[in-house]
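Q: Pasting in a structure now, in structure tokens, and then I'll have a few things to ask.
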Amino acid sequence: MFVKSIGVNIGQYNNQGCLPQDINKGFKGEYVWLRPEYTTNKRKAATGFHIMISGERLYDANDVHHRDLAIGAGGQYRYLIAEYNGPNKITTVWLSEDKQGCGSTGDINAGRGGRYLYLCWSY
Numbered sequence: 793m794f795v796k797s798i799g800v801n802i803g804q805y806n807n808q809g810c811l812p813q814d815i816n817k818g819f820k821g822e823y824v825w826l827r828p829e830y831t832t833n834k835r836k837a838a839t840g841f842h843i844m845i846s847g848e849r850l851y852d853a854n855d856v857h858h859r860d861l862a863i864g865a866g867g868q869y870r871y872l873i874a875e876y877n878g879p880n881k882i883t884t885v886w887l888s889e890d891k892q893g894c895g896s897t898g899d900i901n902a903g904r905g906g907r908y909l910y911l912c913w914s915y
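For the sequence shown, position 94 matches number 886 in our numbering, and the numbering has no gaps at all.
The structure is reproduced here in structure tokens:
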């Protein structure tokens, strides 16, 4: 199995199938959970992810793959963007306060203060 994308679930009890950490923990705002989505098709697998931080909304609020990771907390919009252009395909993802694995995003909480948080992966 390969990770093809990451969905974003919003709400305290809307975390079924999600990674166990609330992205907004320690900040005001909604509960935000990351939900890995899988495929058996290697050609559809993600090769990396990055965080995009913007002062304005870049995606529709109903786009489950590009929801604001800081929803309800105020400040800048934070989006998790999948990449598909590398040779290695992601098989596992997790959240960590340290960079780990074969790759990781930049700090999801950059500029917010508080804990460092990275989406990490292995191939």
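All residues carry an ideal CB built from backbone N, CA and C; glycine is no exception.
#1: Tell me the DSSP bridge mates of A874?
#2: Specify the secondary structure class of K820 as computed by DSSP and reduced to three states.
#3: Give the DSSP-derived three-state secondary structure of K796 in the structure shown.
#4: Hey, could you find the ends of the beta strand (DSSP E) V885 is sitting in?
#5: Take K881 as the anchor and find which of G867, F841, I802, Q804 has the nearest alpha-carbon.
#6: According to DSSP, simplified to helix, strand and coil, what is R835?
#7: Could you please give the first and the last residue of the uninterrupted beta strand (DSSP E) stretch that includes Y910?
#8: Among A874, R870, T884, which has the Cα closest to the Cα of L909?
#9: Measure how close the beta-carbons of I798 and A874 come, nearest whole angstrom, since I'm counting them as under 8 Å.
#10: Closest to G847 by CA distance: which of H857, G866, G893, G898 is it?
#11: Grouping DSSP H, G and I as helix and E and B as strand, with all else coil, what is L811?
#12: Going by C-alpha distance, which of C912, G906, W913 is nearest G931?
#13: Can you have a look at T897 and say buried or exposed, based on whether 16 or more other CB atoms are within 10 angstroms of its CB?
A: According to the structure shown:
#1: Taking the sequence shown and counting its residues from 1, one reaches residue 874 at position 82. F841, per the DSSP bridge assignment.
#2: Counted from its first residue, the sequence shown places residue 820 at position 28. If DSSP states are grouped into helix, strand and coil, K820 belongs with coil.
#3: Here the question's residue 796 lines up with position 4 in the sequence shown. K796: strand per DSSP, three-state reduction.
#4: Taking the first residue of the sequence shown as 1, we reach residue 885 at position 93. Segment 884 to 888, the beta strand (DSSP E) holding V885.
#5: Here residue 881 is taken as the residue at index 89 of the sequence shown, counted from 1. Nearest of G867, F841, I802, Q804 to K881, Cα basis: F841.
#6: Locating residue 835 in the sequence shown gives position 43, where the first residue counts as 1. The answer is helix: DSSP assigns R835 an H, G or I state.
#7: As a working note, residue 910 is residue 118 in the sequence shown. Following the DSSP letters along the chain, one finds Y910 inside the beta strand (DSSP E) bounded by residues 910 to 914.
#8: In the sequence shown, residue 909 corresponds to position 117, counting from 1. Considering only alpha carbons, the answer is R870.
#9: As a working note, residue 798 is residue 6 in the sequence shown. As a working note, residue 874 is residue 82 in the sequence shown. With a Cβ gap of about 7 Å, I798 and A874 count as contacting.
#10: Residue numbering aside, residue 847 sits at position 55 when the sequence shown is read from its first letter. Selected option, being the one with the closest Cα: G866.
#11: One-based indexing of the sequence shown puts residue 811 at position 19. Correct three-state label for L811: coil.
#12: Beyond the ends of the chain as shown, which are 793 and 915, falls residue 931; an answer cannot be given.
#13: For the purposes of this step, residue 897 is taken as the residue at position 105 of the sequence shown. Counting other Cβ atoms within 10 Å of its Cβ, T897 reaches 16 or more and is therefore classed as buried.
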